[in-house]
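Residue numbers (my numbering), protein chains in the order written: chain A, 391 to 634; chain B, 391 to 634. Idealized CB from N, CA, C, for every residue including glycine. Quick caveat, the model's predicted, so the values are computed rather than measured.
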DNA sequence: CATGCGGGAAATGTATACATTTGCTGTATA
DNA sequence: TATACAGCAAATGTATACATTTCCCGCATG
């Protein structure tokens, strides 16, 4: 019955550090010192080291020139590029799925998700339960991209999506109120339908184009949120990720 | 004058391990044991651990379910997808560079490389010095993709290119004699010219298409080399990377 | 004022002992 | 025969002491 206790300290240290970085507690460029962190977390240097190593794998940290690690800093342009990259990779996954063709039994589940997403729109109002909408949205994209059945591509896609602010859920993680409005959600849902339809119809090129355009919504929301070059680092938590 | 001696043991252990994996000394799926490796390399477990962690960052190792690491295994399909992915990313970099436009002073250096590549073809014969040809080829792609000036995209591209057999140089690394023939080199060089021309002319879509097609040469060479489903694991060193 | 050269504090790199977990193996039992 | 469980061996996880390197600071020197 006992939960697996593997890597207890490393696991918790990784979690603590990740949260702190994502929420802006550790601005980009900040160098992390093993001793300081080990004292703060009341553990030895070893699991701290291990945690930093894992966060470097995730792309949240980078190895410092003289050794050790520092928080990776993302410029506004970096975030825009990450979103573009996500669109490109999701587009590739969709295209490959379409070119390969997908068996019918996997399609029904995705269709159900799409119907549930529709259900989130009560009449013409915005979704009341935004959390479950986000969850369904993530599920749709996950299920759809998996259709390409390419571990290599899916792996890189997950990497890119985990980059700060590259995926819609990152906004929730970073506790940033984005300028996501009702209209953009309706457009997004229409794109979901079209994207799915294109994959089913084996129209690879069209699927790729839609997926790319779909990511542009996130980009527009980002630019809307941070309009006028306001970094907002001092007002909105999590925003310290954007430095230069 | 003294060379930087940072991470001496970790560095050498990482190198030794990487070489062994790339050359097929450690087939995909092989679990790596810290004690065994530390005894073999005559060092303690710590630098071995560190080395494995770095190789996991590179994508050559993956964390095993119960802890520890194992050699990542690549199927033939995985390698094909990695090449496809490289084409997609190089295409994206080229497109962004074209859309953004590049200043003239950076173009001359690339043009010189292209001329040098032309020089490798003595008349209509195959390049005599294949090593310098490969070097120039790598330099061209490096310089061209850098034109997009996107650290995020360039970083992911480097990751993908470092995957076994995803980049042309991987064949040299893995000591696999590929079926690269003279004709494919001529086609490739023509694509180099066209790709460069498209970027300069700010024809983003064309540049992206050419970059993708260019990667397909590597795919064709791969399929030619391993035709008839022969894995060749017992005849060609480095081939143990392809297991299933 | 710029520059190069010690010197020492502080950081990471390394070794090693100890703790914990995992996974196997053998045995007893239904 | 299949299965559950106890116990052991071997692996990784963790703590800590020690080694080495880096980096900063102050001083001497051109």
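Checklist entry - Taking C-beta to C-beta, are residue 590 of chain B and residue 497 of chain B nearer than 8 Å? => result Taking the first residue of the second chain as position 1, residue 590 of chain B is located at position 200. Taking the first residue of the second chain as position 1, residue 497 of chain B is located at position 107. It is a contact, given that the beta carbons lie within the stated cut-off.
Next on the checklist: Using CA atoms only, rank isn't needed, just tell me which of B/427, B/572, B/558 and B/531 is closest to residue 481 of chain B.
Outcome noted: To locate residue 481 of chain B, count along the second chain from 1; it is residue 91. It is B/531 whose Cα lies nearest to the Cα of residue 481 of chain B.
Checklist entry - By a C-beta neighbour count over all protein chains shown, 10 Å radius and 16 as the cutoff for buried, is residue 444 of chain A buried or exposed? => result As a first step, residue 444 of chain A is located in the first chain; it is residue number 54 there, counting from the start. By the neighbour-count rule (16 or more Cβ atoms within 10 Å), residue 444 of chain A is buried.
Next on the checklist: With DSSP as the reference, identify every bridge partner of residue 421 of chain A, one or two as the case may be.
Outcome noted: By 1-based counting over the first chain, the position of residue 421 of chain A is 31. For residue 421 of chain A, which the question treats as bridged, DSSP gives the partners A/460.
Item to check | Proximity to residue 597 of chain A [Cα-Cα], best of A/615, A/439 and A/585 | outcome: Within the first chain, residue 597 of chain A is the residue found at index 207, counting from 1. Nearest C-alpha to residue 597 of chain A: A/585.
Next on the checklist: Quick check: the Cα distance between residue 616 of chain B and residue 421 of chain A, rounded to an integer number of angstroms?
Outcome noted: What you label residue 616 of chain B is simply residue 226 of the second chain in a count that begins at 1. What you label residue 421 of chain A is simply residue 31 of the first chain in a count that begins at 1. The straight-line gap from Cα to Cα measures roughly 47 Å.
Next on the checklist: Tell me the rounded alpha-carbon separation between residue 601 of chain B and residue 489 of chain A.
Outcome noted: Start at 1 with the first residue of the second chain, and residue 601 of chain B comes out as number 211. Start at 1 with the first residue of the first chain, and residue 489 of chain A comes out as number 99. Between residue 601 of chain B and residue 489 of chain A, the C-alpha separation is close to 20 Å.
Checklist entry - Run through DSSP, which three-state label would residue 546 of chain B get? => result For the purposes of this step, residue 546 of chain B is identified with residue 156 of the second chain, where counting begins at 1. In this structure, residue 546 of chain B counts as helix in the three-state DSSP scheme.
Item to check | Assigned secondary structure, residue 450 of chain A (DSSP; H/G/I helix, E/B strand, else coil) | outcome: To locate residue 450 of chain A, count along the first chain from 1; it is residue 60. The answer is coil: DSSP assigns residue 450 of chain A none of H, G, I, E or B.
Checklist entry - Under 8 Å between C-beta atoms, does residue 407 of chain B make it to chain A? => result In the second chain, counting from the first residue as 1, residue 407 of chain B sits at position 17. Chain A contact via Cβ: absent.
Checklist entry - Closest Cβ-Cβ distance between residue 543 of chain B and chain A: below 8 Å? => result Position 153 of the second chain holds residue 543 of chain B. So yes, residue 543 of chain B belongs to the interface.
Item to check | Neighbour-count burial assignment, residue 494 of chain A, 16 or more Cβ in a 10 Å radius | outcome: For the purposes of this step, residue 494 of chain A is identified with residue 104 of the first chain, where counting begins at 1. Flag for residue 494 of chain A reads exposed.
Item to check | CB of residue 469 of chain A within 8 Å of CB of residue 556 of chain A, strictly | outcome: Here residue 469 of chain A refers to the residue found at position 79 when the first chain is read from its first residue. Here residue 556 of chain A refers to the residue found at position 166 when the first chain is read from its first residue. Yes, the pair counts as a contact, with Cβ atoms nearer than the cut-off.
Next on the checklist: Would residue 475 of chain B pass as an interface residue toward chain A - the criterion being a Cβ-Cβ separation below 8 Å?
Outcome noted: Here residue 475 of chain B corresponds to residue number 85 of the second chain, with the count starting at 1. It does: the Cβ of residue 475 of chain B has a partner Cβ on chain A nearer than 8 Å.
Next on the checklist: Residues of the region 440-463 of chain B in Cβ contact with chain A at a cutoff of 7 Å, in chain order, please.
Outcome noted: Cβ contacts with chain A come from 443, 446, 447 and 457.
Next on the checklist: Does residue 416 of chain A come out as helix, strand or coil in the three-state DSSP assignment?
Outcome noted: For this step, residue 416 of chain A is matched to residue 26 along the first chain. In the structure shown, residue 416 of chain A sits in coil (DSSP, three-state: anything other than H, G, I, E or B).
Checklist entry - In whole angstroms, what separates the C-alpha of residue 526 of chain A from that of residue 405 of chain B? => result Along the first chain, one-based indexing puts residue 526 of chain A at 136. Along the second chain, one-based indexing puts residue 405 of chain B at 15. Cα-Cα distance, rounded: 44 Å.
Next on the checklist: Could you check whether residue 473 of chain A and residue 575 of chain A sit closer than 8 Å to each other, using their CB atoms as the reference points?
Outcome noted: In the first chain, the residue the question calls residue 575 of chain A occupies position 185. In the first chain, the residue the question calls residue 473 of chain A occupies position 83. In this structure, residue 473 of chain A does not lie closer than 8 Å to residue 575 of chain A by Cβ.
Checklist entry - Could you check where the alpha helix (DSSP H) with residue 614 of chain A kicks off and where it finishes? => result Locating residue 614 of chain A in the first chain gives position 224, counting from the first residue. From DSSP, the alpha helix (DSSP H) with residue 614 of chain A extends over 594-615.
Checklist entry - Would the C-beta of residue 596 of chain A count as close to the ligand GDP, meaning under 7 Å from any of its heavy atoms? => result What this structure holds is no ligand at all, so the ligand GDP is not there to describe.
Item to check | Enclosing alpha helix (DSSP H) for residue 497 of chain B [first to last residue] | outcome: Counting from 1 along the second chain, the entry for residue 497 of chain B is found at position 107. Element bounds for residue 497 of chain B: 494-510.
Checklist entry - Could you check where the alpha helix (DSSP H) with residue 581 of chain A kicks off and where it finishes? => result Start at 1 with the first residue of the first chain, and residue 581 of chain A comes out as number 191. Element bounds for residue 581 of chain A: 572-590.
Checklist entry - Considering only the beta carbon of each residue, do residue 388 of chain A and residue 449 of chain A sit closer than 8 Å? => result Residue coverage of chain A in this structure runs from 391 to 634, which leaves residue 388 of chain A outside it and unanswerable.
Next on the checklist: Please classify residue 430 of chain B as buried or exposed, where buried requires at least 16 other C-beta atoms within 10 Å of its C-beta.
Outcome noted: Walking along the second chain from the start, residue 430 of chain B turns up at place 40. Exposed, by the Cβ-count rule.
Checklist entry - When we look at the beta-carbon of residue 437 of chain B and count the other beta-carbons within 10 Å, is it buried (16 or more) or exposed? => result On the second chain, residue 437 of chain B is found 47 positions in, with the first residue counted as 1. By the 10 Å Cβ count, residue 437 of chain B comes out buried.
Checklist entry - In chain A, which residues lie less than 8 Å from residue 546 of chain B when you measure between Cβ atoms? => result To locate residue 546 of chain B, count along the second chain from 1; it is residue 156. Per Cβ cutoff of 8 Å: 475, 546, 549 and 550.
Next on the checklist: Measuring straight from C-alpha to C-alpha, what distance separates residue 607 of chain B and residue 581 of chain B?
Outcome noted: Locating residue 607 of chain B in the second chain gives position 217, where the first residue counts as 1. Locating residue 581 of chain B in the second chain gives position 191, where the first residue counts as 1. Taking the straight line from one Cα to the other gives about 10 Å.
Checklist entry - Going by C-alpha distance, which of A/592, A/593 and A/577 is nearest residue 604 of chain A? => result The residue given as residue 604 of chain A occupies position 214 in the first chain. Of A/592, A/593 and A/577, the residue nearest in Cα terms is A/577.
Item to check | Whether residue 433 of chain B touches residue 471 of chain A by CB criterion (8 Å) | outcome: As a working note, residue 433 of chain B is residue 43 in the second chain. As a working note, residue 471 of chain A is residue 81 in the first chain. No, they are not a contact pair.
Checklist entry - Per DSSP, what kind of secondary structure is residue 555 of chain A in: helix, strand or coil? => result Along the first chain, one-based indexing puts residue 555 of chain A at 165. Residue 555 of chain A falls in the coil class under three-state DSSP.
Checklist entry - Is the shortest distance between the beta-carbon of residue 540 of chain B and the beta-carbons of chain A less than 8 Å? => result Against the second chain, residue 540 of chain B aligns to sequence position 150. True, the Cβ-Cβ gap to chain A drops below 8 Å.
Item to check | Contact with chain B by residue 478 of chain A, beta-carbon distance below 8 Å | outcome: On the first chain, position 88 is the one that residue 478 of chain A refers to. Judged by the 8 Å Cβ criterion, residue 478 of chain A is in contact with chain B.
Checklist entry - Going by the beta-carbon positions, is the gap between residue 441 of chain A and residue 403 of chain A smaller than 8 Å? => result The sequence position of residue 441 of chain A within the first chain is 51, counting from 1. The sequence position of residue 403 of chain A within the first chain is 13, counting from 1. A contact, by the Cβ cut-off of 8 Å.
Checklist entry - When you compare each of B/413, B/439 and B/426 to residue 399 of chain B by their alpha carbons, which one comes out closest? => result Numbered from 1 along the second chain, position 9 holds the residue referred to as residue 399 of chain B. It is B/439 whose Cα lies nearest to the Cα of residue 399 of chain B.
Checklist entry - Anyone know if the C-beta pair for residue 523 of chain A and residue 538 of chain A falls short of 8 Å? => result Residue mapping note: residue 523 of chain A aligns to position 133 of the first chain, counting from 1. Residue mapping note: residue 538 of chain A aligns to position 148 of the first chain, counting from 1. Cβ distance not < 8 Å, so residue 523 of chain A and residue 538 of chain A don't count as in contact.
Next on the checklist: Does any residue of chain A have a CB that is nearer than 8 Å to the CB of residue 588 of chain B?
Outcome noted: Locating residue 588 of chain B in the second chain gives position 198, where the first residue counts as 1. So, not an interface residue.
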